[in-house]
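Contents: one structure, followed by commentary.
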Ligand code: SF4
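Protein chains in written order, with this note's numbering: chain A, 45 to 472; chain B, 837 to 1012.
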């Protein structure tokens, strides 16, 4: 019987099978940020277990609230910083070099096909875009990961999500994943891995694949994954060129992680995107999704472009294509947060930051910021935000606020008009 | 092993997320006790039937809810917020994966019941007391009027080991 990519990754990392359905895996990358890690560090210290299994396999960043907004967040950052120094964790990213974890770590080449990746953050599924197994975990799992380099999961079952058709103009990976979540509902993929396949995925760049995998958890999935191919190899080439004679050799090697033709899937979902419209959420769950035409005219107070879902250079370019030569509506507060310093710098070089600023946007440093309502861009009661982030839970961006999730193009269109607007109105 | 069960409180809604269980603004805390006053602070049910400051929640050791409880963020703070309020069992139709794992990793129980059985629990006259027999994988819920409902459940054998060991850190420290 054939195996899926995830079954192959699990088999290659198997440390223990405490029961036939439970697998303890060796972990290649344990990622840490300052919201869920300090409490793990403090707990390990209290227990006399302040050790790390391998400082080179631990990657740490301060990203959620940075620079700190108050004494408590400053303390969290300090605990992380002191810990990283104490254990000689060289891949530690502090102010000036820090960015949103799921954008920063891939950019540094830390994620490779076939890897196992964990982090105390539910959007760790993003890294499946590289043909890896990336899963969000809680603090206890993180403690064990830091200490022992292992993590337990149930034997993986996968859902094949086959995306085909011709992607219409102004429709992006964000629209596709919102549409998929709508089909699956918020728990339709619980305990499953979403394996994204099909011609539309094959044609996507890494940025789009990350957007897609990033939101897998919003359907309850353990992770999302794309098969590693030439696109993956090209992205990783600066980091892997010592290991392979040629790009083709890397692409060929990556094929050992491809799912077998006779692999078994718990379920298959077929999506033809040829007639897909831009998608937008309404209400307080990420499966409450409508075609944008149904929500056109909804008033917005704030537009937020950023996050691990859509804060990469491709997203900033897309939004800038609408903002160029236009100003945002008087009543709108526009906030751009490039996800990493490299993205910010690139956007400066390409003149994109100027386009945003000329249109009336405020440009922030790389951080999670408003995405989780902890800093820089929190909504007041009754306010509405058009956002490129991944969660619209009640109170997520501030108590009493409403978040409509959408693509960068749709968010830019909303900024210009001050209401939810079909971005196709601004094209050509 | 811990004793599980006790007075139950009921929340009749699917998809209660971790932002509702403990809002992100409290994630700056670095002790579990600091979460105590904020459990379910942002949860609003459409019919207004839930009050986070009610006696029900304060006296409860068991929380009974519907499907996909604990979806959203991976924050274990959601589990700790329950734990420091002495809630050691959550019963529902299903759980989000990370939340469920966090519960067992802390050595406490996430019990999945069939929707029909849950309906029977929701129908019991308050105040409900729930007894749990882990060995037999069986529970009994008794209302104020003395009427009771019994039903079986099944635990993943590994999750059972974690509960026995007092959580994943203790288990992993012994084994790996
Ligand atoms: S950008 Fe938002 S979703 Fe992504 S890691 Fe930060 S807080 Fe989480």
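All residues carry an ideal CB built from backbone N, CA and C; glycine is no exception.
Q.
Check whether the stretch 312-327 of chain A and the stretch 206-223 of chain A are in contact - that is, three or more C-beta pairs closer than 8 Å.
A. The stretch 312-327 of chain A makes contact with the stretch 206-223 of chain A: 3 or more CB pairs, one atom from each, lie closer than 8 Å.
**Q.** Euclidean distance between Cα positions of residue 190 of chain A and residue 128 of chain A
**A.** 12 Å
Q: Write down every uninterrupted run of the beta strand (DSSP E) in the stretch 302-363 of chain A whose length is 3 residues or greater and which is fully enclosed by it, in chain order.
A: 311-316, 323-325, 333-335, 346-350
**Q.** residue 444 of chain A versus residue 193 of chain A: straight-line alpha-carbon distance, rounded
**A.** 40 Å
**Q.** Contact set between residue 416 of chain A and chain B, taken where Cβ atoms lie within less than 7 Å
**A.** 860
Q: Identify each residue in the stretch 181-202 of chain A for which the Cβ-Cβ distance to at least one residue of chain D is less than 8 Å, and report them in chain order.
A: Of the chains in the structure shown, none is chain D; the protein chains are A and B.
Q) For residue 266 of chain A, which residues in chain B fall below 7 Å Cβ to Cβ? A) Within chain B, the residues near residue 266 of chain A are 933.
**Q.** Positions along the stretch 430-448 of chain A whose CB lies within less than 8 Å of some CB in chain B
**A.** 435, 437, 438, 439, 440, 443
Q | Cβ pair residue 841 of chain B, residue 968 of chain B closer than 9 Å | A | yes
Q: Buried or exposed for residue 466 of chain A, please, with buried defined as at least 16 other CB atoms from any protein chain shown within 10 angstroms of its CB.
A: buried
(Q) Output needed for residue 187 of chain A: all residues of its chain with C-beta closer than 7 Å, excluding positions within five of it in sequence on either side, in chain order. (A) 84, 87, 88
**Q.** beta-carbon residue 73 of chain A near the ligand SF4 non-hydrogen atom, thresh 8 Å
**A.** The answer is no for residue 73 of chain A.
Q. Does DSSP put residue 229 of chain A in a helix, a strand or coil?
A. coil
Q. Is DSSP giving residue 889 of chain B helix, strand or coil here?
A. Residue state, collapsed to three classes: coil.
Q | residue 453 of chain A in three-state terms, based on DSSP | A | Correct three-state label for residue 453 of chain A: helix.
(Q) Using 9 Å as the threshold, is the C-beta distance between residue 180 of chain A and residue 202 of chain A below it? (A) no
(Q) Can you find the residues in the same chain that come closer than 6 Å, C-beta to C-beta, to residue 172 of chain A, ignoring five residues on each side of it along the sequence? (A) 178, 257, 267, 268, 269
**Q.** Per-residue DSSP class, three states only, for residue 66 of chain A
**A.** strand
Q) What first and last residue would you give for the beta strand (DSSP E) that runs through residue 864 of chain B? A) Unbroken run through residue 864 of chain B: none, as it is neither H nor E.
Q) Can you list, in chain order, the residues of the stretch 116-148 of chain A whose Cβ is nearer than 9 Å to any Cβ on chain B? A) 116, 117, 119, 120, 123
Q) Going along chain B in order, which residues have a C-beta closer than 7 Å to the C-beta of residue 63 of chain A? A) 993, 994
Q. What's the call for residue 289 of chain A, buried or exposed, on a 16-neighbour Cβ count within 10 Å?
A. Here residue 289 of chain A is exposed: its Cβ has fewer than 16 other Cβ atoms, across all protein chains shown, within 10 Å.
Q: Run the proximity test for residue 108 of chain A: is its beta-carbon closer than 8 Å to any non-hydrogen atom belonging to the ligand SF4?
A: yes
Q) How big is the Cα-Cα spacing for residue 371 of chain A and residue 398 of chain A? A) Rounded to the nearest angstrom, the two C-alpha atoms are 12 Å apart.
Q) Any heavy atom of the ligand SF4 closer than 8 Å to the Cβ of residue 117 of chain A? A) no
Q. Apart from the five residues on each side of it in sequence, which residues of its chain come closer than 8 Å, Cβ to Cβ, to residue 436 of chain A?
A. 325, 327, 328, 329, 330, 332, 446, 447, 448, 449
Q) Is the beta carbon of residue 363 of chain A less than 9 Å from the beta carbon of residue 293 of chain A? A) no
Q.
Does the distance between the C-beta of residue 146 of chain A and the nearest non-hydrogen atom of the ligand PLP fall short of 8 Å?
A. In terms of ligand content, the structure shown lacks the ligand PLP and carries the ligand SF4 instead.
(Q) Tell me the DSSP secondary structure of residue 169 of chain A in three-state form. (A) helix
Q. Residues of chain B with a CB under 7 Å from the CB of residue 165 of chain A: which are they?
A. 910
Q: Report yes if the C-beta of residue 359 of chain A is less than 8 Å from at least one heavy atom of the ligand SF4; otherwise report no.
A: no
Q. Relative to the C-alpha of residue 981 of chain B, which residue among B:965, B:930, B:867, B:902 is closest?
A. B:965
(Q) the ligand SF4 and residue 903 of chain B: does the residue's C-beta get closer than 8 Å to at least one heavy atom of that ligand? (A) Proximity of the beta carbon of residue 903 of chain B to the ligand SF4 is not indicated: no heavy atom of the ligand is located closer than 8 Å.
Q: Buried or exposed for residue 248 of chain A, please, with buried defined as at least 16 other CB atoms from any protein chain shown within 10 angstroms of its CB.
A: buried
(Q) Less than 9 Å between the beta carbons of residue 410 of chain A and residue 373 of chain A, yes or no? (A) Contact flag unset, no.
Q. Can you find a heavy atom of the ligand SF4 that lies under 8 Å from the Cβ of residue 255 of chain A?
A. no
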